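S.K.: Have a look at this one.
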Amino acid sequence: GAGVSQSPSNKVTEKGKDVELRCDPISGHTALYWYRQRLGQGLEFLIYFQGNSAPDKSGLPSDRFSAERTGESVSTLTIQRTQQEDSAVYLCASSLIPRDGLHFGNGTRLTVT
Amino acid sequence: AQRVTQPEKLLSVFKGAPVELKCNYSYSGSPELFWYVQYSRQRLQLLLRHISRESIKGFTADLNKGETSFHLKKPFAQEEDSAMYYCALIYSNYKLTFGKGTLLTVNP
Chain A
89 GAGVSQSPSN KVTEKGKDVE LRCDPISGHT ALYWYRQRLG QGLEFLIYFQ
139 GNSAPDKSGL PSDRFSAERT GESVSTLTIQ RTQQEDSAVY LCASSLIPRD
189 GLHFGNGTRL TVT
Chain B
6 AQRVTQPEKL LSVFKGAPVE LKCNYSYSGS PELFWYVQYS RQRLQLLLRH
56 ISRESIKGFT ADLNKGETSF HLKKPFAQEE DSAMYYCALI YSNYKLTFGK
106 GTLLTVNP
C-alpha cells in the first residue's frame, strides 16, 4: 500500500540556486496540497490542486515559488533563487475527499545555506 | 478570517493521568474540525474528525460551538501517546488550516 511519497527527503542548497521538490500522491487522489513548516511554526498552506488545475495558489509566498501537476498524479514544487528564509520542511498531502482527511508524505527538509 | 489556536506549545503529563489538548477556532460558517498527530519519526496522520464522532486510541473530541472549541481528551494517557498534535479546520470544502501544534509528553 503506497502512501504519499516525497523526494528528496533532504536537500541542502546554496542561496540563489533553484530547487525542485517532488510529490507522488496516492493513486486516484484528485486533491493535492503543498504545505510548508518552518522550525517551530505550524503548517503554512502553499497551494492546492484539483486534478491538474490549481484553483488556489494563494499561499505561494512569492513569484519565486511555482508548482505544477501532471497526469493527475505527480506534482513538483519549484523554488527559484532560493533564500535562507525558504529553509523549512515542505509537506505534500493528497486526498480523494478532503473533508474525509488528508494523507501526508514524510516531507522534504530544505536547507538553504 | 479562519483561525485555529492551540494555546499550549508543550504539555507534559504522567502515564495514567487524564490529558486535554486545547483547540479554539474562529470561523463564521459551520465548522468541520480535525485532529492530526505526528509521532516521532513518522508522518503526520489523521487522528479523528468531529463529524464522525469516533474515538480513536481512546481519544475523543467534542465540538463546542458556544465556546468555539474542539479540545482533545483522553482519560488515561499512555507513553505511546507522546507526539505532536495539530488541530485543523476545513473550509470551502478543501482548505485546511492548522494550529501551531502541541507537543505532548507522557512521562512514565
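Top to bottom, those sequences are chains A and B.
The numbering of the first sequence is this note's numbering, which starts it at 89 and goes up by one.
The numbering of the second sequence is this note's numbering, which starts it at 6 and goes up by one.
Note that beta-carbon positions come from the ideal geometry of N, C-alpha and C, so glycine has one too.
Here the structure is a predicted model, which is why all the values come from computation and not from measurement.
Assign ARG54/B to one of two classes, buried (16 or more other C-beta atoms within 10 Å of its C-beta) or exposed (fewer than that).
M.R.: The residue in question, ARG54/B, is buried, as its Cβ has 16 or more Cβ neighbours within 10 Å.
S.K.: Which of the residues in the stretch 78-108 of chain B, read from start to end, lie with their CB under 9 Å from any CB of chain A?
M.R.: Answer set for the stretch 78-108 of chain B: TYR91, ALA93, ILE95, SER97, ASN98, TYR99, LYS100, LEU101, THR102, PHE103, GLY104, LYS105 and GLY106.
S.K.: As an exercise, report each continuous beta strand (DSSP E) stretch of at least 3 residues that is fully enclosed by the stretch 124-178 of chain A, in chain order.
M.R.: Entirely contained in the stretch 124-178 of chain A, the beta strand (DSSP E) runs reaching 3 residues are, in chain order, 131-138, 141-144, 153-157 and 163-167.
S.K.: Give me the chain A residues within the contact set of GLU59/B, using Cβ-Cβ distance strictly less than 9 Å, ordered along the chain.
M.R.: Residues of chain A passing the Cβ test: none, with the nearest at roughly 11 Å.
S.K.: Please classify SER17/B: does DSSP put it in a helix, a strand, or coil?
M.R.: DSSP places SER17/B in strand when its eight states are reduced to three.
S.K.: According to DSSP, which residues form a beta bridge with TYR41/B?
M.R.: Looking at the DSSP assignment, TYR41/B forms a beta bridge with LEU51/B and TYR91/B.
S.K.: Determine whether the Cβ of PHE153/A lies closer than 8 Å to any Cβ atom of chain B.
M.R.: So, not an interface residue.
S.K.: Using beta-carbon positions only, say whether PHE192/A and VAL107/A come within less than 8 Å of one another.
M.R.: Taking 8 Å as the Cβ cut-off, PHE192/A and VAL107/A do not qualify as a contacting pair.
S.K.: What did DSSP end up calling ARG110/A once you bin it into helix, strand or coil?
M.R.: It is a strand residue.
S.K.: Which residues of chain A have a Cβ atom closer than 8 Å to the Cβ of LEU68/B, listed in chain order?
M.R.: Those do not exist, as LEU68/B stays about 14 Å from chain A at its closest Cβ, beyond 8 Å.
S.K.: Quick one: which chain B residues come within Cβ less than 8 Å of PHE137/A?
M.R.: Neighbours of PHE137/A on chain B: none; closest Cβ ~10 Å, over 8 Å.
S.K.: Show which residues of chain A have a CB atom less than 7 Å away from the CB atom of ARG48/B.
M.R.: Under the 7 Å cutoff, chain A gives PHE192, GLY193 and ASN194.
S.K.: How is the beta strand (DSSP E) around TYR30/B delimited, first residue to last?
M.R.: Unbroken beta strand (DSSP E) run through TYR30/B: 29-31.
S.K.: If you drop the 5 nearest sequence neighbours on each side, which residues of the same chain put their C-beta closer than 6 Å to that of LEU26/B?
M.R.: LEU77, TYR90 and THR107.
S.K.: From the DSSP output, read off the bridge partner residues of LEU101/B.
M.R.: Answer is ILE95/B.
S.K.: For THR166/A and GLY139/A, which I take to be in contact (beta-carbon distance under 8 Å), what is that distance rounded to the nearest angstrom?
M.R.: Contact doesn't hold; Cβ gap of about 19 Å is too wide.
S.K.: Taking VAL111/B as part of the beta strand (DSSP E), name the residues at either end of that continuous run.
M.R.: Unbroken beta strand (DSSP E) run through VAL111/B: 107-112.
S.K.: For the putative contact between TYR136/A and LYS100/B, defined by C-beta atoms under 8 Å, what is the C-beta separation to the nearest angstrom?
M.R.: Yes, TYR136/A and LYS100/B are in contact; Cβ-Cβ is about 7 Å, under 8 Å.
S.K.: Check distances from the C-beta atoms of the stretch 21-42 of chain B to those of chain A and list, in chain order, the residues that come in under 9 Å.
M.R.: Answer in chain order: GLU37, PHE39 and TYR41.
S.K.: Spatial neighbours of GLY189/A within its chain, please: CB distance less than 8 Å, with the 5 preceding and 5 following residues excluded, ordered by chain position.
M.R.: The answer, listed in chain order, is SER183.
S.K.: Let me see if you follow: with CB-CB separation under 8 Å, is ARG8/B close to chain A or not?
M.R.: No, ARG8/B does not count as interfacial toward chain A.
S.K.: Could you tell me the boundaries of the beta strand (DSSP E) in which GLN94/A lies?
M.R.: Taken as a continuous stretch (DSSP letters only), the beta strand (DSSP E) holding GLN94/A covers 93-95.
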